[in-house]
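If you read the sequence shown in the working numbering, its first letter stands for residue 43, the second for the next number, and so on. Note that CB positions come from ideal geometry on N, CA and C, so glycine has one too.
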Amino acid sequence: MWIILGVIAIVATFINLYMYKAGKDYKLAMAMGLSFTALTICADYSYLSRWVKAEDWAALSDVIPGMARAFWFLTIVSILLNIAPIFLERISNK
């Protein structure tokens, strides 16, 4: 499920950037991109909670360290890409 939500988040982010470039209202796409990013993290966290319930400590110790870095990086990139049109719009209005 987290893969599907992640792909939707990426697509929504690109739609956001495209709509800004085309001069259309991009705010709904921006909200969708950020929302699906959050849902992706929640879905993956739920997936990991199953491993905790199953006490699969080996899988958790293999996956969590790299995944934590990836989550931080991808979430920051998603936020920056999705709010970039707001900053670009403010700069162009000055």
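Under 8 Å by Cβ, that's how I've got residue i and residue j pegged, so tell me the actual separation to the nearest angstrom.
i, j, result
"P127", "Y62", "4 Å"
"F115", "I83", "No, F115 and I83 are not in contact; Cβ-Cβ is about 12 Å, not under 8 Å."
"F78", "I118", "Contact doesn't hold; Cβ gap of about 16 Å is too wide."
"S120", "T55", "6 Å"
Whose C-beta lies closer than 6 Å to the C-beta of residue i among residues of the same chain, with five residues either side of it excluded?
i, result
"L102", "W93"
"A85", "M43, W44 and L47"
"R111", "none"
Tell whether a beta-carbon distance below 9 Å holds between residue i and residue j.
i, j, result
"N124", "G48", "no"
"V105", "L90", "yes"
Going by beta carbon distance, what residues of the same chain come within less than 7 Å of residue i, once the five residues before and after it are set aside?
i, result
"N58", "Y68, A71, M72, G75, N124 and P127"
Using C-beta distances below 8 Å, list every residue in its chain close to residue i, excluding the 5 sequence neighbours before and after it, in chain order.
i, result
"E131", "Y62"
Where in the region 53-84 do unbroken runs of the beta strand (DSSP E), each at least 3 residues long, occur, reported from the N-terminal end onward? none
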